[in-house]
Amino acid sequence: MKRILVTGGCGFIGRHVAQELVEHGYEVSILDALLDQVHGGEAISLPPGAKLIKGDVRDRDAIAEAVDDVDAIIHLAAEVGVGQSMYEIARYVGANDLGTATLLEALIKRPIERIVVASSMSVYGEGLYATPDGRRVDNARRQPDDIRSGQWNPLSPEGEVLSPLPTDEQKPVDLASIYALTKFAQERAVLIFGEAYGVDAVALRLFNVFGAGQALSNPYTGVLANFASRIA
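To get our numbering, take the position in the sequence shown, counting from 1, and add 14.
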């Protein structure tokens, strides 16, 4: 039986991943700091048979216990929120980048077969846009003055209103927030580590994920929390 560690496995995505793994016959361990912002003080329910290790990914002792005797890791543990990252910079860089570095360093002495890390759509910035004549714009930015005046779409340097396009993986990275910076650093660290140490490494640039059981106390939920509070 394959043994899988899910960091952040008590979070919204992590719970679903852990449950799916258990249902497919994997032996699952979960490392989670159980932060109030994510869980809101609610009781934690685990999939049957899953093992919980309470600890932070920056804690070397907790990491050493968590990676012992596992075959693969799904690394989901992270601080999440574009806005909050802009004024709690040390918190985001510490949890996301130092935490990932601590995990990877532990794997030098305890090799695994595969690691999957959750990156983010935020690394694409505002996404892909086009000018009125069809020219592709990779690094469009909304300006505060334009937003205040009711101009929601970005403008080209010539002042043309840009139109959104579907964003593909060929779009260059455009790091417009501390959160995006930390997620890009996470994915690059994991991929570089995998190549250097012969570990199968995969980075997933997840887009907005919503569903039942998501904590409205988490800034990631954004506008959904506002809608829910008004309905209540």
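The beta-carbon is built from N, C-alpha and C at its ideal position, and this holds for glycine as well.
Bear in mind the structure is a predicted one, so any value in this text is a computation, not a measurement.
Through-space distance from residue j to residue i, alpha-carbon basis
i: valine 214; j: arginine 72; result: The identity of residue 214 in the sequence shown is aspartate, whereas the question assumes valine. About 23 Å.
i: valine 20; j: glycine 97; result: 26 Å
i: methionine 100; j: lysine 197; result: 14 Å
i: leucine 90; j: glutamate 119; result: 17 Å
i: proline 180; j: histidine 38; result: 34 Å
i: histidine 53; j: proline 171; result: 43 Å
i: glutamate 140; j: asparagine 153; result: 7 Å
i: glutamate 41; j: glutamate 174; result: 55 Å
i: leucine 48; j: proline 146; result: 48 Å
i: valine 31; j: glutamine 157; result: 38 Å
i: proline 125; j: alanine 80; result: 13 Å
i: isoleucine 245; j: alanine 226; result: 16 Å
i: leucine 121; j: tyrosine 211; result: 9 Å
Counted within 10 angstroms of its Cβ, other Cβ atoms place residue i as buried (16 or more) or exposed
i: isoleucine 161; result: exposed
i: leucine 142; result: buried
i: aspartate 70; result: buried
i: glutamine 200; result: buried
i: asparagine 110; result: buried
i: valine 223; result: exposed
i: serine 134; result: buried
i: aspartate 46; result: buried
i: phenylalanine 221; result: exposed
i: proline 62; result: exposed
i: proline 168; result: buried
Distance CB(residue i)-CB(residue j) smaller than 8 Å
i: isoleucine 129; j: valine 204; result: yes
i: isoleucine 18; j: aspartate 85; result: yes
i: threonine 116; j: arginine 74; result: yes
i: lysine 44; j: isoleucine 77; result: This sequence places isoleucine at residue 44; lysine is not what is there. No; because the gap between Cβ atoms is not below 8 Å, this pair is not in contact.
i: leucine 189; j: valine 137; result: yes
i: isoleucine 103; j: isoleucine 192; result: yes
i: glycine 22; j: alanine 92; result: yes
i: leucine 176; j: alanine 144; result: yes
i: valine 9; j: alanine 217; result: Shown here, the chain extends from 15 to 246; a query on residue 9 therefore has no answer.
i: valine 36; j: alanine 64; result: yes
Residue i beta carbon near the ligand ADP (any heavy atom closer than 7 Å)
i: glutamate 140; result: Judged by which ligands are present, the structure shown has none, so any question about the ligand ADP falls away.
- Item | Contiguous alpha helix (DSSP H) assignments of at least 4 residues, all confined to the region 142–227 | 158–162, 192–211
- Please list the segments of the alpha helix (DSSP H) lying wholly inside the region 102–143, counting only runs of 4 or more residues, in order along the chain. 103–106, 113–123
- Query: At what residue ranges does the region 51–100 contain a whole run of the beta strand (DSSP E), taking only runs of 3 or more?
  - Reply: 65–68, 86–89
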